[in-house]
Each structure stands twice: as C-alpha cells, then as structure tokens.
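Participant: In my numbering, the protein residues as written are 3 to 1032. No residue lacks a Cβ here, since even glycine has one placed at the ideal position from N, Cα and C.
1. Count the CB pairs spanning the segment 582 to 596 and the segment 366 to 377 that are closer than 8 Å, and state whether there are at least three.
2. Would you kindly report the start and end of the unbroken alpha helix (DSSP H) that includes residue 931?
3. Per DSSP, residue 347 forms a beta bridge with which residues?
4. Using three-state DSSP, classify residue 841 as helix, strand or coil.
5. To the nearest angstrom, how far is the alpha carbon of residue 551 from that of residue 111?
6. Tell me, please, whether the segment 677 to 688 touches the segment 489 to 504 by the rule of three or more beta-carbon pairs shorter than 8 Å.
7. Can you list, in chain order, the residues of its chain whose CB lies under 6 Å from that of residue 192, leaving out five sequence neighbours each side?
8. Determine, using beta carbons only, whether residue 251 and residue 229 come nearer to each other than 9 Å.
9. Does the separation of the CB atoms of residue 424 and residue 391 fall below 9 Å?
10. What did DSSP end up calling residue 449 once you bin it into helix, strand or coil?
11. Taking residue 107 as the reference, which of 256, 323 and 768 has the closest Cα?
12. Okay, do the segment 973 to 984 and the segment 952 to 960 touch, 3+ Cβ pairs below 8 Å being the bar?
13. Within the continuous alpha helix (DSSP H) that includes residue 994, where are the two ends?
14. Which of the three DSSP states, helix, strand or coil, is assigned to residue 600?
15. Can you tell me the Cα-Cα spacing of residue 511 and residue 519, whole angstroms?
16. CB-CB under 6 Å to residue 748, same chain, minus the five flanking residues each way: which ones, in chain order?
17. Go ahead and pull the three-state DSSP assignment for residue 462.
18. Quick check for students: name the residue ranges of the alpha helix (DSSP H) that lie wholly in the segment 103 to 156, counting only runs of 4 or more.
19. Please state whether DSSP places residue 373 in a helix, a strand or coil.
20. Report yes or no: do three or more beta-carbon pairs, one from the segment 554 to 564 and one from the segment 601 to 608, lie closer than 8 Å?
21. Please specify which runs of the alpha helix (DSSP H), each continuous and at least 4 residues long, are wholly inside the segment 452 to 523, giving them in chain order.
22. Counting only the same chain and skipping the five closest in sequence on each side, list residues whose C-beta sits under 7 Å from that of residue 426.
23. Could you tell me whether the segment 464 to 473 touches the segment 407 to 417, using the rule of 3 or more Cβ pairs below 8 Å?
24. Confirm, please, whether the CB-CB distance from residue 166 to residue 117 is below 9 Å.
25. State the beta-bridge partners of residue 335 as determined by DSSP.
26. Okay, do the segment 882 to 898 and the segment 369 to 388 touch, 3+ Cβ pairs below 8 Å being the bar?
27. Who are residue 244's beta bridge partners in DSSP?
28. Quick one: measure Cβ to Cβ for residue 450 and residue 515, integer angstroms, because I've assumed they're closer than 8 Å.
29. For the beta strand (DSSP E) containing residue 164, name the first residue and the last one.
30. Can you name, in chain order, every residue of its own chain whose Cβ lies under 8 Å from the Cβ of residue 182, other than the five neighbours on each side?
31. Apart from the five residues just before and just after residue 900, which ones in its own chain have a Cβ nearer than 7 Å to its Cβ?
32. Counting Cβ pairs, one atom from each stretch, are 3 or more of them under 8 Å apart for the segment 644 to 661 and the segment 701 to 716?
33. Could you give the distance in angstroms between the alpha-carbon of residue 927 and the alpha-carbon of residue 527?
34. Where does residue 611 fall in DSSP's three states?
35. According to DSSP, which residues form a beta bridge with residue 269?
36. Can you tell me whether DSSP reads residue 2 as helix, strand or coil?
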C-alpha cells in the first residue's frame, strides 16, 4: 500500500493533477487506516473526504513532516504552503536516523539571539508539558523553530504529530470543533497523551464577511481556552473535556489571553530585520543546508556579499533570504563548472536582488576594485588641495590683481567667468558638490586651521545657530554678491573679481580658526549653498546602509584617525569634515564626495554608487501618475530648506539680470540704465532697483502663486461647486460628527472599524461599524465612493491611513462650509497653524495618550502643542481655547475624532517643497546662459595669454576657438526645453507627496512655463550677452 501511495503521488498527483488519481489516493489511504484499526482517524478521513478532494484539485503542494522525528508524523493539512495535504502513515514505521536540527534562526551572538536560545533551552530541558507559544512577525522563522522544538521533544510526545494551519481558520471551525452529530479533531485527540498538536498562525485575521468573522471568533475563543486551560467544550458530547496532547502554537502578535500567570512557555521570536547583526551567521547556517543541492561544499560569504545582504530591504525575510541564497549558489555552481579552480566564495556579483531601489544602483567599488586603491591615495584630496589648489589659487589672485583688468585681455578672468561657471554647473548632475572637495577657499581655510592647532588653539564645537540661520545667511550673502556682480560689473574687472574671491576665502578662514572641521562649507558659504541645492540631483553617491554599521563601536568614518590611513593624508585623518553620519543621509546635498569615510572605514562599509539623476526626489517623476508604479514612487527624501529653495529663484533671476538691456528695450525703457555705473545719481538707483527686482521676480511669483491658490480654490468651490459635491460634503460632516459623538476610546474605535484585526478596513467592516452607530447604509456608500474618487483604491488601506483620509475629507468639507456661511474657521486652520508630521493620527494619538485610557486630556494636548510640531507657537490661552473648541461633548477629554477634528496635518511645509520643483529649470537656465558665455569665450583663453602677462609685443599667433551663435542657441534651446517638463513633473511629484492638488500645482506649472519661455526668448533674440561681453 505504501509503495502504491508513493507511485501515485509522484507520477500522477504531482504532474497531472488527475481527479481519478486524487480519489484513488484517498481511497487507498482510507483502506490502509481501516486495516490498521484506526477507527477514529478513518472516521475523520471520511468526514474530510469531500473538502480535501476539492482542495487537491487546486494544485500540488509540498510535503511537510516534522523534522528529525523518531516516530510517525500524522498531518492534517497545511494551508498557504505548497504541501500535499492529509495523508496518514503507518504508526510502526521504522524510525529515521536521528539528526541534530540546524540552528538557523537561533544563529548569531546578538542579545536577541542569545535570549532566544535560552528560552528554547528552557522548553527542551523542562519536564513540563505546558503549551509553547511562538510569537513573531511573518517571515521571522517561527516555522523553522517549530521543527527544532519537535525534534527535541521527548519521544513519547512525538508518536503522533498533527499540524494544522489556521491561515484560513474560518473554514476549519467545524473540522476542529465538530458538531452535535459529528466529533471534531479535538474530540479524537483529547485523550492521546503521546500526541502533539501544532497550530500554525492561529491568529489568522483576514475574513470576507461578518459570518466568517463570527466563526473565526468562535474558533479563536476555543483555542484560547485550549492553550490556557488545557480543555475545550465538546459540541459532540455537550460538555467540557480536558485536552491531553502537547500544544505548540505560532502567531504574529501576543494574544490578549496570554499573561504572566498563564502556565505556558511564551517565546518572542524577533524579526530577522531587527537582528541584522546576526544576518551573516544566519546566512552561513542556511548556506550549509542549501549548498549540497548545488554540489558545493564549504561556501563562504565575502565581505561585499555580506554587505549586500545587510543593505537589502527585506520584506518576507526567511523565504526571501532562502531564495536569494539559492540564486547565489546557482550562479556560483555554474561558475565552478566553467572554472573548477574558482574560489567557493559568494561575492557581491552573486548577490543580486531584483528590487527597484537596488537595481538602480551600480556599486563602483565592488565592480572596479582598482577604484578603491585610487581613492586610498592621499592625492584624493589632501595633497591636491595642499600642493595644487592652494598654489594655483594664489597665482590666479595675483594675475587678477596685477594683470589687465578686462576679460578680453586677462586669461585668468576669462577662465574664472567663462570657464568655472559652466564647468561647475555641468558637474552637479553627475558628481554633485564635489567642487567643495577641491575648493580653493577651504584649501586656504584648512591650512589656517592646521596652523592655529599647531600653536595649541582649541577649536570650538559648531554652534546651534549654524544649522538654524546658516541657510538664511548664505542666501543673503549670495543675493548681495549677485547685486555687486551686476552693479560693479565684476566680470569685466579683475581686481574686483579677486576681492570677491578673497571675501569668500576670508569667511572660510575666519570660521576655520574658530570652529572645528568645515562649518563654513556646510552652512554659511554662498557657493556651498548653491552646491548643496544642486547636489541633491547627483548621479554619484557615497552611502552606508545602517545595517552594515550594526555593532560598530568606533565610527572612524565620522571621527577619522583610522590606523590604516596614510599618515600624510591629514584631510582624511580628520574624518568627515562636514560632520555627517553617512548611514543617515537622506540626500546628497551635504556630502562633498571627499571620500574620507571610504578611506577610514576598515570594514569597507561606505559605498560609491551610481544611480539615476534625481533619485532622492523619487523617480520616475516625469511619467504621468497613470503610468507610475506605486512601489517605484517613494516620497521625496530630499531635506528641504526655505532659504535654499529661495536661492534657486534668485539664481534663475540672475539670468534675467544678464539680459537686462534686452528686457528694458522691449519694455520701452532706456537700455542704458543697465550699464549705469556706481554713482549717486538716478540711473544708478534705477539700475539697483531693477536688478533687485529681477533677482526677486521668480521667487515672488512662486510665493504669490502659493499664497493665492488656497483661497482661490475655496472661492471657486463655493462659487461654482455643484450641488452633488455639497451634498457629499454634508454627508462627510454628518458622518464624522456622529462618530465623534459616540465618544469611543481609540481601542474601541479601531476594533469597531477593524473587527478582524488585520489592519485593513474592508467595505463590509465599514458598513458594519456605521450600522452599529445607527448610521444609514447609503451614507457609508457615499463616503466610500468619495474616498475612491479622491484617493484612488481604498479597499486595501490600513485603518490608520483610512482614518487620515477621512479626517482630510472632513476638514476640507468643514472649511468649505465655513466659507459658504462666511464664518470664522477654527484656529488650527484659520491661522495656517498646521501640524507638521509624517505620522498617522492613530500613531500621534497613541504617543500622546500617556495614561493609556484611550483619550487625551488637556494636559496631554498642551504638552503636544509645546513639542514643536506646529509652525506657529500657541500661548497658554490659545491652547485652552483650542482644547475647548475640540471638546464638543464637554467630557474633559478628547476622543480620536475630536482630536483629529481640530488638526490639519501636512507632511512638510508646502512652499519650500514646491520651491524645489523649480530646480531643473533653474539649473538649466543658469547652465544655458553660462555655457553660452563659455562657448563664445573659453576658446579664446590661449589667445589672451600674451596680454595677460603684458607680452602683446611678441606678436604670438595662438589658436582662437569660438562657437557660432546658431550652435550656442541650439544647445540653449535643448537645455531649456528638456528642463521644463522635468520641472513640471518634479513639482507634481512634490505636490503629490504633500497631498497638494489642483489649482496650486497648475499655477506653479504656469509660472515655470512662462519663465522657460521668457528665458528662451531672451537667449534666442540676443546674439551676444550685453552685460557680460566687452
């Protein structure tokens, strides 16, 4: 019979899924059980025949048995796993050879791994037969631990092992509990002391109806009693019965019925994501199990492969890790077949994870090992700054001061204005702010800093005002420099250009001799501020992933002084001079690519990667939303700043300043105003006012669009909104306030709207919750329709996100009602005092509810209002007034809906986010202008060398190269036309991230289109740049 079962299983069931074969298999099993006088199990097999047969048709499933069991293992059926269900084996089968289970999940030496091993050891060494409960998230390895537990149980508890998956628990209620006419599984097993029952995922959650929820609740209550009291109510016998078998259960979170007094072993299984320190040991243990399948032996993990494991964003860790290691071993096996002498070591090239975030990056240090050796050289960048940049800078300053003062006779002045500007603008998209690593200002600053420290001067820590007002200072200084450049015509004056360089250098030196490292570069330098803003789109990044830094007790990447450094590399010895923690970077705006972290880290954790330009903003932002995949559209990670966003606008305005004569001429004004020199007269005053106005124009238009969009949207809605929308808004307000007046605690609210506890609110759950509050079903349907129209698919939303959307609909509808009635809005929205947080309201509420009663007191709300979560601070009177407005029921506390009713939450401040949407257009406008200057003049540098050194009498004929106007215009046109859709797409992306839609985005897009058109018109209608050419 056993041979027949095996033949049928292998040849028909696993390949053809033939119905006849399935039925024949079950008949043979039934006959086998009957002949062995297993009456109870035969009855159970008969009872389950129909349902199991139908399940077999669905497809083959992977066979699972208890590992290392010395006796027979009986299995019911395991759902949600590829297993062959419900076959019974002869009880007296010869025992298998006993083997020690592989300690995969328990591997490692982290505190969590040690604690897990101790808890498991208590189960193995204890004489008790108490239930064992394994609590852990999905993918944490609970199934593997169950097999290890079964393997080490006493032999008498392994005579019969029954596994029951509860992932679809509602369908198995009668199977487990039976009925008045038929016994259930628990009745058959109740008196068997040599039996173990394994309940997998008995907290199964997802149900599709209220009827399924009722059955699942009944089964869950029975299991709770079974685990805690070792008894159950037998429907068949109509009485309580003790339950003798050993119970091992797994679940995703700690059940409410488990307490300290319960007689059971409760083992908390930490997620593998939280045990990244153990990842290498876990992966090594798994390799030992997997490598024989690929004909390999003693496979090792390289450092780079370990880093790839650690920096991967795991979702379902255990199964995903198995798949990743299997794929890596398959690649290594093929490599060994071609090259038998190849090392049996997994390298980074074998560890490929096909996720969007990782597939977009190329790890240069792994792909090109020679690059790491180059980076370790002290010429990157210490010796370069010391022996090249600083001396050249001194020579350039001397030429600017002593040489001819006009650009057409001074090569240094030509290189400064026609060479440096286009070069640095073109570098930003590819290498970010790498200019700061070879900057002459800081080269001099570093020398000054080293000098004062040799004399025993102790440098100060960075003051707090650097991070708070530094960006505003840099913006103001840059605005003043642009004014100075235009009014004094710096590009045509060598001495004044030299003084500009010395001004910035003096700031760097002054800060370097007072504060440690490079505070000037990070916060105060105007050029550094521009580099910081444009550097966010960098194609190259230096990143460390937090997981790879796990357990690092000596962060030399920040502090420096690594023993492996070249002692002459004093720049790298200081560590990160920008005081950045590489594994906490949100974008590349602050990183100067100095490579100090790469040089210092002995574990080789920091990586140099290439990636798509602008990845930190969340690509691909150019595609329309209908074509974008949500998993590939993360929120922008760029750390924005209002003053840096404003800096973009004045840089774009500086392009208009350079075309001032053309603008004045087209406006019917005297173009001579643009050339008025410094003097106490009206032309110079007009020149000053017009220059300041043009610099500020893009920013003022952007700010105006942002400010008028919200009241304008409200006005349009009130004036032309249709009656259907008004009715829907009234439904939302009535619904929200009805729920608010029920005054439920947050726990009751969540359980009311999510009775199955899966964290997802389904339509039937919403209807059932509202019906419990005596709200008509039609209003519920209206709410769901409105939410789908506004937010898309809401059937798979978490309960917290659903409540956030509901609150947003309510506050929007309430504000429009105020607008229609011309009433004063609540203070929270009336003064623009918006809550700035990325947390959901449920998370915020739980953080505030210190006493855990499910409500917020006035004291708890006051502490929250003082926590810096609001743009505008509130006085004590304001806070009391706000609480009084919220406490509609006068219960001296706020429920969740009362709390949400007075708040308007945003992720960040909208204007500075949208301001970064202008970045592609600002970069393209500035680049197009300076490329035009460079293409006209940079090729004349050699021809200007004789004049530079007053050698014009030598009559040297040096080459002169200059692009034609048509070529320059073509390049400028391409830059502007390509940047416009990028800017509009990025603005839309940032608006979507901040839930900004409609008119506000449209106004910004119109301003960008108008700015691009104006810039392109000025460039194409001017064959030369009037204020820059001699």
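Facilitator: Put simply:
1. Contact between the segment 582 to 596 and the segment 366 to 377 is absent: fewer than 3 CB-CB pairs across the two stretches fall below 8 Å.
2. Reading the chain shown from its first residue, position 929 is the one you call residue 931. Its alpha helix (DSSP H) spans residues 921 to 939.
3. By one-based count along the chain shown, residue 347 stands at place 345. DSSP output for residue 347 lists 302 as bridge partner(s).
4. For this step, residue 841 is matched to residue 839 along the chain shown. Looking at residue 841 - three-state DSSP - the assignment turns out to be coil, as it is neither helix nor strand.
5. For the purposes of this step, residue 551 is taken as residue 549 along the chain shown, with counting starting at 1. For the purposes of this step, residue 111 is taken as residue 109 along the chain shown, with counting starting at 1. Residue 551 and residue 111: Cα-Cα distance of roughly 16 Å.
6. yes
7. To locate residue 192, count along the chain shown from 1; it is residue 190. Excluding positions up to five away in sequence, the list reads 243 and 245.
8. Here residue 251 is taken as the residue at index 249 of the chain shown, counted from 1. Here residue 229 is taken as the residue at index 227 of the chain shown, counted from 1. Taking 9 Å as the Cβ cut-off, residue 251 and residue 229 qualify as a contacting pair.
9. Counting from one through the chain shown, the residue named residue 424 turns up at place 422. Counting from one through the chain shown, the residue named residue 391 turns up at place 389. Taking 9 Å as the Cβ cut-off, residue 424 and residue 391 do not qualify as a contacting pair.
10. To locate residue 449, count along the chain shown from 1; it is residue 447. Helix at residue 449.
11. Here the question's residue 107 lines up with position 105 in the chain shown. When each option's Cα is compared against that of residue 107, the closest is 323.
12. Flag = no, the segment 973 to 984 and the segment 952 to 960 do not touch.
13. Counting from one through the chain shown, the residue named residue 994 turns up at place 992. Note, residue 994: alpha helix (DSSP H), 967 to 995.
14. Residue 600 sits at position 598 when you count from the first residue of the chain shown. Helix, per DSSP.
15. Residue 511 sits at position 509 when you count from the first residue of the chain shown. Residue 519 sits at position 517 when you count from the first residue of the chain shown. Distance between the alpha carbons of residue 511 and residue 519 is about 11 Å.
16. Indexing the chain shown from 1 puts residue 748 at position 746. Excluding sequence neighbours, residue 748 sits near 847, 856 and 898.
17. Against the chain shown, residue 462 aligns to sequence position 460. Residue 462: strand per DSSP, three-state reduction.
18. Listed in chain order, the complete alpha helix (DSSP H) runs (minimum 4 residues) inside the segment 103 to 156 are 113 to 127 and 144 to 154.
19. For this step, residue 373 is matched to residue 371 along the chain shown. Residue 373 falls in the helix class under three-state DSSP.
20. yes
21. Listed in chain order, the complete alpha helix (DSSP H) runs (minimum 4 residues) inside the segment 452 to 523 are 467 to 489 and 496 to 514.
22. Taking the chain shown and counting its residues from 1, one reaches residue 426 at position 424. Contacts found: 437.
23. no
24. Here the question's residue 117 lines up with position 115 in the chain shown. Here the question's residue 166 lines up with position 164 in the chain shown. Not in contact: residue 117 and residue 166 (Cβ atoms no closer than 9 Å).
25. For the purposes of this step, residue 335 is taken as residue 333 along the chain shown, with counting starting at 1. Per DSSP, none; premise fails for residue 335.
26. no
27. Taking the first residue of the chain shown as position 1, residue 244 is located at position 242. DSSP, once it has assigned bridges, lists 233 as partnering residue 244.
28. Start at 1 with the first residue of the chain shown, and residue 450 comes out as number 448. Start at 1 with the first residue of the chain shown, and residue 515 comes out as number 513. Your pair residue 450 and residue 515 checks out as a contact, with CB atoms roughly 5 Å apart and the cut at 8 Å.
29. On the chain shown, residue 164 is found 162 positions in, with the first residue counted as 1. Unbroken beta strand (DSSP E) run through residue 164: 162 to 167.
30. Residue 182 sits at position 180 when you count from the first residue of the chain shown. Here the set comprises 237, 238 and 240.
31. Residue numbering aside, residue 900 sits at position 898 when the chain shown is read from its first letter. Cβ neighbours of residue 900 beyond the five flanking positions: 742, 888, 889 and 890.
32. yes
33. As a first step, residue 927 must be located in the chain shown, where it is residue number 925. As a first step, residue 527 must be located in the chain shown, where it is residue number 525. Looking at the two C-alpha atoms, the distance is approximately 22 Å.
34. Residue mapping note: residue 611 aligns to position 609 of the chain shown, counting from 1. In the three-state DSSP reduction, residue 611 falls in the strand class (E or B).
35. Taking the chain shown and counting its residues from 1, the one referred to as residue 269 is at position 267. According to DSSP, which records beta bridges pairwise, residue 269 is partnered with 136.
36. This structure does not reach residue 2, given that the chain is present from 3 up to 1032, and the question cannot be answered.
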